[in-house]
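Here the structure comes first, spelled out in structure tokens, and everything after it is commentary.
In my numbering, the protein residues as written are 33 to 187.
Below is the structure:
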């Protein structure tokens, strides 16, 4: 068994930090589901919660909107590359536009979404990048984006 540290959001929208000993991420997600919490961030034995920062070149309200668009479209079954094309119409200039165009190019080259986001010209928060990776790994990317949207709206 491994110890996982996590950040989750409960039904009231409150951020919950904790740790849970289990065999894999799936068991952790099931545990949080029973507690009616949504996983936001996870790390095995390494996470120092004091290192989580939210300073970035992208404003929280813009990031919340970006996440909301991604989340809605992912949960509707729209392919990632198509989402970046649609987002380029929503964000016609600025940091999110440039990041969105970079993500589209990286996806065309075959990079994973979290890798593309990591290398964007305007840096996304580390928390955001890690959550996207968790979403990719767990197959719940749409849900993760919607949770991130809620999180950044409240910041």
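Where a beta carbon is used, it is the ideal one built from N, C-alpha and C, also for glycine.
Residues of its chain near residue i, where Cβ-Cβ distance is below 6 angstroms and the 5 sequence neighbours each way are ignored
i	result
residue 185	96
Any non-hydrogen atom of the ligand PLP closer than 6 angstroms to residue i Cβ
i	result
residue 105	In the structure on display, the ligand PLP does not appear, and there are no ligands present to speak of.
Nearest-angstrom Cβ-Cβ length linking residue i and residue j, presumed shorter than 8 angstroms
i	j	result
residue 176	residue 74	Not quite, the Cβ-Cβ distance comes to about 11 angstroms (not below 8 angstroms), so this is no contact.
residue 118	residue 105	7 angstroms
residue 93	residue 68	About 27 angstroms; that fails the 8 angstroms criterion.
residue 170	residue 47	The Cβ separation is near 19 angstroms, so there is no contact.
residue 150	residue 45	At roughly 27 angstroms, the Cβ-Cβ gap does not stay under 8 angstroms, so residue 150 and residue 45 are not in contact.
Opening and closing residue of the beta strand (DSSP E) in which residue i lies
i	result
residue 47	47–54
residue 39	34–42
Within 7 angstroms, strictly: CB atoms of residue i and residue j
i	j	result
residue 103	residue 174	yes
residue 70	residue 40	yes
residue 131	residue 152	yes
residue 51	residue 34	no
residue 179	residue 64	no
Own chain, CB closer than 8 angstroms to residue i, minus 5 neighbours either side, in chain order
i	result
residue 145	112, 135, 139, 164, 168 and 173
Segment limits, alpha helix (DSSP H) that includes residue i
i	result
residue 59	57–66
residue 175	173–186
residue 135	127–140
residue 144	No alpha helix (DSSP H) contains residue 144, which DSSP labels as neither H nor E.
Contacts around residue i, its chain only, beta-carbon distance under 7 angstroms, and the 5 residues preceding and following it disregarded
i	result
residue 161	146, 149 and 150
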